[in-house]
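Accompanying notes for the structure given below.
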Amino acid sequence: MIEKDEILISKVALELKKLREMNNLTQEDVYNDTNIHIGRIESGKSNITVSTLYVLCKYFNITIQQFFCDIGL
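Residue numbers for the sequence shown follow full-length UniProt numbering, so the first one is 1 and each next one is one higher.
And the structure:
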């Protein structure tokens, strides 16, 4: 079970990094705009909450459903 959790956390981290880079934003930009330390999440060492993911999805102008479709879940 732990391995599956780590895989999911890694997929989420990579997708958020991709979204940030596609929008030409730095981690500092995201922090200044959302007060979320996305670097901690992108490192895959922090398990993101649903509410934090919701805020980031809104920030990147996508739905949570689209986010999970994009990571293949």
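For glycine and all other residues, C-beta sits at the position ideal for the given N, C-alpha and C.
Given a threshold of 16 other Cβ atoms within 10 Å of its Cβ, counted over all protein chains shown, does residue i qualify as buried or as exposed?
i: GLU21; result: exposed
i: ILE7; result: exposed
i: GLU15; result: buried
i: LEU73; result: exposed
i: GLU42; result: buried
i: VAL50; result: exposed
Going by DSSP in three states, residue i sits in which element: helix, strand or coil?
i: ASN35; result: coil
i: ILE9; result: helix
i: PHE60; result: coil
Are residue i and residue j closer than 8 Å when you measure CB to CB?
i: GLY44; j: ILE9; result: yes
i: residue 75; j: THR34; result: Examination of residue 75 is not possible in this model, given that the chain is present from 1 through 73 alone.
i: LEU53; j: ILE64; result: yes
What separation, rounded to the nearest whole angstrom, lies between the Cα atoms of residue i and residue j?
i: SER46; j: CYS69; result: 21 Å
i: HIS37; j: GLU28; result: 8 Å
i: ASN23; j: PHE60; result: 8 Å
If you measure from the beta carbon of residue i to each beta carbon in chain C, is any gap under 8 Å?
i: PHE67; result: Here there is only one protein chain, and chain C is not present.
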